[in-house]
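A quick write-up on the structure given underneath.
In mature numbering (1 follows the signal peptide of the UniProt record, and there is no 0), the protein residues as written are -28 to -1, 1 to 218.
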């Protein structure tokens, strides 16, 4: 009886937690827009917030409903998306690697944040097949995709090629805060060949988008290591820019 009763109690508690998360998302949106003028209701409704350390709630597809992005370990390699509905619930988990078309044997990584700081989430995606030898492979797909993106395949009409897949074999992507401004930056863990692993920064552009490779930025924020001891990647990038939904 105790076990059955516990299950009966757990269901409404889970539903209540979900409602509080979405309510917190709406509250964060209202708070972020207080005192501002000229913003549409769609952009106001899209203010991202954190359900927990590895779960971001925000509008990725531009329909005004919050979506749920989960990023275990903040590596960008196991990311999932659950599309939100008008009643505040979320659909099934969709693996980002499947949505962007990664094939068997290919590595897929992604990073999600509001790089343009306009209220709608954006995404960076990379697909690469690991090299057999010391020389790194180039990416088959490497793009910065400003939101809103398609639910079907995460494409964006404003998507552009990113050079993160040209300078090494991307192993991880993570959000970072490098230069202290209000725009999220990107950390890239690269296999650069000959046993070396690099952490390359990509700084955000004021007004939207990501800069390309910059040697001075690498000297300031980058780091190199080895395959056995790679440089540390940031794990708190989301929390540098987004508050808790609760």
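We put the beta carbon where it would ideally sit given N, CA and C, even for glycine.
Remember, it's a predicted structure, so these values are computed and weren't measured experimentally.
CB-CB length for residue i against residue j, believed under 8 Å
i: residue 135; j: residue 110; result: Not quite, the Cβ-Cβ distance comes to about 11 Å (not below 8 Å), so this is no contact.
i: residue 108; j: residue 141; result: 4 Å
i: residue 198; j: residue 179; result: Contact flag wrong, Cβ pair sits at about 38 Å.
i: residue 63; j: residue 119; result: So it is not a contact: roughly 18 Å between Cβ atoms.
i: residue 38; j: residue 56; result: 5 Å
i: residue 113; j: residue 98; result: 7 Å
i: residue 42; j: residue 61; result: The Cβ separation is near 15 Å, so there is no contact.
i: residue 28; j: residue 87; result: Residue 28 to residue 87, Cβ: 13 Å. No contact.
Buried versus exposed call for residue i [16 or more other C-beta atoms within 10 Å across all chains shown]
i: residue 133; result: exposed
i: residue 191; result: exposed
i: residue 92; result: buried
i: residue 201; result: exposed
i: residue 23; result: buried
i: residue 205; result: buried
i: residue 187; result: exposed
i: residue 129; result: exposed
i: residue 104; result: exposed
i: residue 59; result: exposed
i: residue 170; result: buried
i: residue -28; result: Bear in mind that the predicted position of residue -28 carries a pLDDT of just 44, short of 50, making it too unreliable to give a figure here.
i: residue 31; result: buried
i: residue 11; result: No answer about residue 11 holds up, because its pLDDT of 34 lies below 50 and its placement is not dependable.
i: residue 9; result: Summary for residue 9: the model assigns pLDDT 30, below 50, so the residue's position carries little reliability; its value from the coordinates is reported in the next sentence. The residue is exposed, with fewer than 16 neighbouring Cβ atoms inside 10 Å.
Among the options, the one whose alpha carbon lies nearest that of residue i
i: residue 131; options: 143, 158, 95, 160; result: 95
i: residue 207; options: 165, 87, 160; result: 160
i: residue 66; options: 75, 40, 59, 29; result: 40
i: residue 100; options: 163, 46, 158; result: 163
i: residue 47; options: 218, 185, 209; result: 209
i: residue 144; options: 76, 20, 102; result: 102
i: residue 165; options: 76, 19, 20, 106; result: 106
i: residue 116; options: 75, 76, 184; result: 184
i: residue 121; options: 36, 218, 217, 21; result: 36
Contact with chain C by residue i, beta-carbon distance below 8 Å
i: residue 140; result: Of the protein chains in this structure there is only one, and it is not chain C.
Residue i: CB within 7 Å of a non-hydrogen atom of the ligand FAD
i: residue 114; result: By its list of ligands, the structure shown contains no ligand whatsoever, and the ligand FAD lies outside what it can speak to.
Quiz item: Are the segment 64 to 78 and the segment 125 to 132 touching, with three or more C-beta to C-beta distances below 8 Å?
Solution: yes
Exercise. State whether the segment 174 to 183 contacts the segment 146 to 154, with contact taken as three or more CB pairs (one from each stretch) at a distance under 8 Å.
Key: The segment 174 to 183 makes contact with the segment 146 to 154; the number of CB pairs closer than 8 Å reaches 3 or more.
Practice problem: Run through the segment 38 to 114 for me and flag every whole alpha helix (DSSP H) of 4 or more residues, listed as ranges in chain order. | Solution: 68 to 71
Quiz item: Are the segment 44 to 51 and the segment 79 to 90 in contact at 8 Å, needing three or more beta carbon pairs?
Solution: yes
Exercise. Spell out a yes or no on whether the segment 202 to 215 and the segment 154 to 161 are touching, meaning 3 or more CB-CB pairs, one atom from each, closer than 8 Å.
Key: yes
Practice problem: Can you check the segment 136 to 181 for any beta strand (DSSP E) of at least 3 residues that lies completely inside it and give the ranges in chain order? | Solution: 141 to 148, 157 to 165, 168 to 174
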